[in-house]
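Those sequence lines, one after another, are chains F and Y. Going letter by letter, the first sequence gives residues 1 to 193 in our numbering. Going letter by letter, the second sequence gives residues 1 to 193 in our numbering. Single-structure report; data block below.
2 protein chains.
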Amino acid sequence: MTKNVPLPVDNRRDELVRVSARLFREKGFDGTTIRDIADAVGMRSGSPFYHFKTKQDILAAVMEEGLTAGLPAAEAIVASDLAPGPKFRALVRAHLEIVLAEGHDFIPVLLYDWRCLTPELRERVQVLRDRYDQLWQDVIDQLGAAGLLRSQGAVSRLLVMGAVNYTVLWYKPGQGLNLDQIADEVVAMFLLP
Amino acid sequence: MTKNVPLPVDNRRDELVRVSARLFREKGFDGTTIRDIADAVGMRSGSPFYHFKTKQDILAAVMEEGLTAGLPAAEAIVASDLAPGPKFRALVRAHLEIVLAEGHDFIPVLLYDWRCLTPELRERVQVLRDRYDQLWQDVIDQLGAAGLLRSQGAVSRLLVMGAVNYTVLWYKPGQGLNLDQIADEVVAMFLLP
DNA sequence: CCTACCGATCGGTAGG
DNA sequence: CCTACCGATCGGTAGG
């Protein structure tokens, strides 16, 4: 039987990515040291380099983890047969979860520390990022076609995503609006009656 | 005659602030060293500390310079007798200048590296920042009262400022829309007909 | 504002 | 994944 044969998953690597996401979000990529990361997972300072070639590779892994975790839900929403308005609300709500929920530090790190990536890594992560952005563009275009948005095109998407992503800088869990209420505000703000 | 008596301005200090703003914006606060800054103004590495006690004090000076430079124009717009719609457009346009125009790196640094400030410095800069935010809140409230906005309150301001500030991450001078066109898009996106 | 320097810390590596 | 370490660099300072 293959019962006890472990899959080739690298749990320690996953742990490093998860812990690094938290630290990068709190203190920034440049403000976090390899020793911070190693301490947080109970390793010695040289050991993270057994799993990653460089510190920047950890950063890229954090961002890719966030994107690959967020893409399926977003794809399902866009592929659904919801009307454009409810589809937009669902996408916004799912995105707020990804960006604001406890322990979801991956995409905030992407937003904060994008410029810390080397050009090569940036290019690699950009592939996934493009897929995510395209999903938003599809929904924005559907809203425009339905006459629910005053403005269209790439700039409309950037303005909407800016408003939504900026929540990272002001949302405080347990204070003010919750994620559902913020989603309602976004819909009220952007969609025509 | 008092003709050649210089005013107590510190030109070297101003130069340090301006150059630091550019470097902080390009590479981040943690990614910029005192030696980078000293080199850029033609000083030796210890000399910036003649003008500033710590590296963080330079960061605070950069942010305060941006706010004190931007406040008068914004105050004049808010105090003007423009109707709410045109007033909003004027404020957005002025803000885009502050955030996107060549050499205007102060407020982008504030947006990027806010978390790099010590709590004490953050509190000091926050005083100016509150004044700037309040100007936006005033205009947002006027829009709401005039029935030009679907949503009101502090969250509305944060969504609008998010959309506008996010331009820092995607605007490329000479490519795509210019600042006037972006202001038009923002107005079209948010204001009711 | 320069000279000369310090103690601390950094990302990363060789060898096991 | 640890031990032991390296060369480089960092923010900051004393004395002039």
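Where is the CB? At the ideal position from N, CA and C, for every residue including glycine. A quick note: this is a predicted structure, and the numbers were derived from the prediction, not measured.
So which residues of chain Y does F/Trp170 contact, with C-beta pairs closer than 7 Å? Leu158
Classification of F/Thr68 by the beta-carbon crowding that lies within 10 angstroms, buried from 16 upward: exposed
In chain F, which residues lie with their C-beta within 8 Å of the C-beta of Y/Gly28? Gly28, Asp30, Arg115, Cys116
What would DSSP say about Y/Arg122, mapped onto helix, strand or coil? helix
Give, in chain order, every residue of the region 171-190 of chain Y whose Cβ lies closer than 8 Å to some Cβ of chain F. Gly176, Leu177, Ile182, Glu185, Val186, Ala188, Met189, Phe190
Is there a Cβ from chain F that is less than 7 Å from the Cβ of Y/Gly85? no
First through last residue of the alpha helix (DSSP H) which encompasses F/Leu159: 153-165
To the nearest angstrom, report how far apart Y/Trp136 and Y/Leu191 are at their CA atoms. 15 Å
If you measure from the beta carbon of F/Arg150 to each beta carbon in chain Y, is any gap under 7 Å? yes
Can the beta-carbon of Y/Glu65 be found closer than 7 Å to that of Y/Phe106? yes
Return yes when the Cβ of Y/Val99 is within less than 7 Å of the Cβ of Y/Ala61, no when it is not. no
Where Y/Asn198 falls, given that 16 or more other Cβ within 10 Å makes a residue buried: A query on residue 198 of chain Y cannot be resolved here, the shown segment of chain Y reaching from 1 to 193 and no further.
Give the interface partners of F/Val155 over in chain Y, defined as CB-CB distance under 8 Å, in chain order. Gly176, Leu177, Ile182, Glu185
Measuring CB to CB, does F/Gly28 end up less than 7 Å from Y/Asp30? yes
Does the beta carbon of F/Ala145 sit closer than 7 Å to a beta carbon anywhere in chain Y? no
If you draw a straight line from the alpha carbon of Y/Glu185 to that of Y/Thr118, how long is it in whole angstroms? 37 Å
Range of the contiguous alpha helix (DSSP H) that encloses F/Glu102: Run containing F/Glu102: none; DSSP gives neither H nor E here.
What does Y/Met161 reach in chain F if we use C-beta pairs closer than 8 Å? Tyr166
Determine the burial state of Y/Gly162: buried for a count of at least 16 other Cβ atoms within 10 Å of its Cβ, exposed for fewer. buried
May I have the straight-line CA-CA distance separating Y/Val155 from F/Ala188, to the nearest angstrom? 11 Å
Which residue marks the beginning of the alpha helix (DSSP H) containing F/Asp30, and which one marks its end? No alpha helix (DSSP H) contains F/Asp30, which DSSP labels as neither H nor E.
Y/Gln134 to F/Ala79 span [Cα, whole Å]: 41 Å
Tell me whether the region 141-152 of chain F and the region 81-92 of chain F touch, counting them as touching only if at least three CB pairs, one residue from each stretch, are closer than 8 Å. yes
Buried or exposed: Y/Gln181, going by 16 or more other Cβ atoms within 10 Å of its Cβ? exposed
In this structure, how does DSSP classify Y/Asp180 when only helix, strand and coil are distinguished? helix
Please report the straight-line C-alpha distance between F/Trp170 and Y/Arg122, rounded to a whole angstrom. 15 Å
Taking the Cβ atom as the reference point for each residue, do Y/Leu96 and Y/Ala21 lie within a distance shorter than 7 Å? no
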